[in-house]
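Structure first, commentary second.
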DNA sequence: ATATGTGCAAATGCTTTGCAACGCC
DNA sequence: GGCGTTGCAAAGCATTTGCACATAT
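Residue numbers (the UniProt record's numbering), protein chains in the order written: chain A, 1 to 148; chain B, 1 to 148.
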């Protein structure tokens, strides 16, 4: 990843306008809709390269699909994602990191890495005292962070 | 999932002898090796049904593959899994639970749920590059691994 | 000029599904 | 005997890859 191509720029530009996590395919679709002509494989290759370079945040959904989002905080962090609208809050958990390292070492494990993602309902989508079984949400969810 | 078939029994039996997380395909392979004649689709269908019924622990690997294991501890717990052989250590992280709840509440999230999985290389599969302290782990260093 | 990046389509790998045959209850 | 179950192969999906062509530097 060393050259500046029109495609890469377009991908970054598209990403810069996304707020929530999106799959490679959604990003590709979005780009086509915006009139860009980019191959799907190129999108995949770049998203991969960019995340490898630490410029993107990757999140693996419950079904194994990878979701990407522009990353501001380059350090290690986690996400609190709304199951309904995809709204995301980044947070740090320094003590957690320490605990993980300790537990791993305790069991002789090395090269440890961990994934922690928190899913819930953001304030706006919390069914506060809503006893209705069948939730008929009038809001149109524009992003689905599929869990499964 | 209401009938007792030879296949389902065989799958459960096979699972009962597994210690670590295994993919559907590995389980299927194992069964064939043991002389069972079961279709791969059946293995998938049953693993799914069983996990839905809460009788199995499911773990989604980094590449999206689902790994299954018999579940003893029905409570909430996490896993430390060896990337190489699948050896698994269960652990609890009570403080983590508390932190998650706190962070979620802080951001107005409700009905929070989280996933935490730790991957690494167990002692046996650690590349010697890391000069780990003399950790005397008297644990059985034998792990039967399904080649891949 | 030339190493990189791109596009397309074919290939992968895991998982799901359609459908006829099968076998518990 | 009916209906959940199974098997097989085909279909699905997200993602990767081979290869010829295009293009930044």
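Backbone N, C-alpha and C fix where the C-beta goes; we use that ideal spot for every residue, glycine too.
At a CB-CB cut-off below 8 Å, which residues of chain B make contact with residue 95 of chain A? Within the first chain, residue 95 of chain A is the residue found at index 95, counting from 1. The answer, in chain order, is 95, 99.
Three-way DSSP call (helix, strand, coil) for residue 115 of chain B in this model: Within the second chain, the letter at position 115 stands for residue 115 of chain B. Strand.
Neighbourhood of residue 112 of chain A by C-beta, 8 Å cutoff - its chain only, sequence neighbours within 5 removed: For the purposes of this step, residue 112 of chain A is taken as residue 112 along the first chain, with counting starting at 1. Scanning its chain for C-beta atoms nearer than 8 Å, with the 5 sequence neighbours on each side dropped, one finds around residue 112 of chain A the residues 100, 101, 104, in chain order.
Interfacial residues, the segment 102-120 of chain B to chain A, with Cβ spacing under 8 Å: 103, 104, 107, 108, 109, 110, 111, 112, 113, 114, 115, 116, 117, 118, 119, 120
Could you tell me the distance, in whole angstroms, from the CA atom of residue 125 of chain B to the CA atom of residue 19 of chain A? Translated into positions along the second chain, residue 125 of chain B becomes position 125. Translated into positions along the first chain, residue 19 of chain A becomes position 19. Approximately 40 Å, taken between the alpha carbons.
Decide if residue 59 of chain A is buried, meaning its Cβ has at least 16 other Cβ atoms within 10 Å, or exposed. As a working mapping, residue 59 of chain A is identified with position 59 in the first chain. It counts as buried.
What does residue 19 of chain A touch in chain B if you count any residue whose Cβ is under 8 Å from its own? As a working note, residue 19 of chain A is residue 19 in the first chain. Going along chain B, no residue has its Cβ under 8 Å from residue 19 of chain A, so there is no contact; the nearest lies around 15 Å.
Could you check whether the Cβ of residue 142 of chain B sits closer than 9 Å to any Cβ belonging to chain A? Here residue 142 of chain B corresponds to residue number 142 of the second chain, with the count starting at 1. Model confidence at residue 142 of chain B stands at a pLDDT of 29, short of 50, so the residue's coordinates are unreliable; what they give is reported in the following sentence. Judged by the 9 Å Cβ criterion, residue 142 of chain B is not in contact with chain A.
In angstroms, rounded to a whole number, what distance separates the CA positions of residue 45 of chain A and residue 66 of chain A? For this step, residue 45 of chain A is matched to residue 45 along the first chain. For this step, residue 66 of chain A is matched to residue 66 along the first chain. Our two residues, residue 45 of chain A and residue 66 of chain A, have alpha carbons roughly 13 Å apart in a direct line.
Distance, Cα to Cα, residue 83 of chain A vs residue 35 of chain B? In the first chain, residue 83 of chain A corresponds to position 83, counting from 1. In the second chain, residue 35 of chain B corresponds to position 35, counting from 1. Spanning the two alpha carbons is a distance of roughly 44 Å.
Rounded to the nearest angstrom, what separates residue 110 of chain B and residue 94 of chain B at their Cα positions? Stepping through the second chain from its first residue, residue 110 of chain B is reached at position 110. Stepping through the second chain from its first residue, residue 94 of chain B is reached at position 94. Roughly 19 Å between the two C-alpha positions.
Counting contacts by CB-CB distance shorter than 9 Å, is residue 51 of chain B in contact with chain A? Start at 1 with the first residue of the second chain, and residue 51 of chain B comes out as number 51. It does not; no Cβ of chain A falls within 9 Å.
Do residue 92 of chain B and residue 204 of chain B come within 9 Å of each other at the CB atom, strictly closer than that value? Examination of residue 204 of chain B is not possible in this model, given that chain B is present from 1 through 148 alone.
Output the distance between the C-alpha atoms of residue 70 of chain B and residue 8 of chain B, rounded to the nearest integer angstrom. Working through the second chain from its first residue, we reach residue 70 of chain B at position 70. Working through the second chain from its first residue, we reach residue 8 of chain B at position 8. Going by the C-alpha atoms only, they are around 14 Å apart.
May I ask you to report which of helix, strand or coil DSSP gives residue 14 of chain A? Counting from one through the first chain, the residue named residue 14 of chain A turns up at place 14. Of the three classes helix, strand and coil, the one that applies to residue 14 of chain A here is helix, per DSSP.
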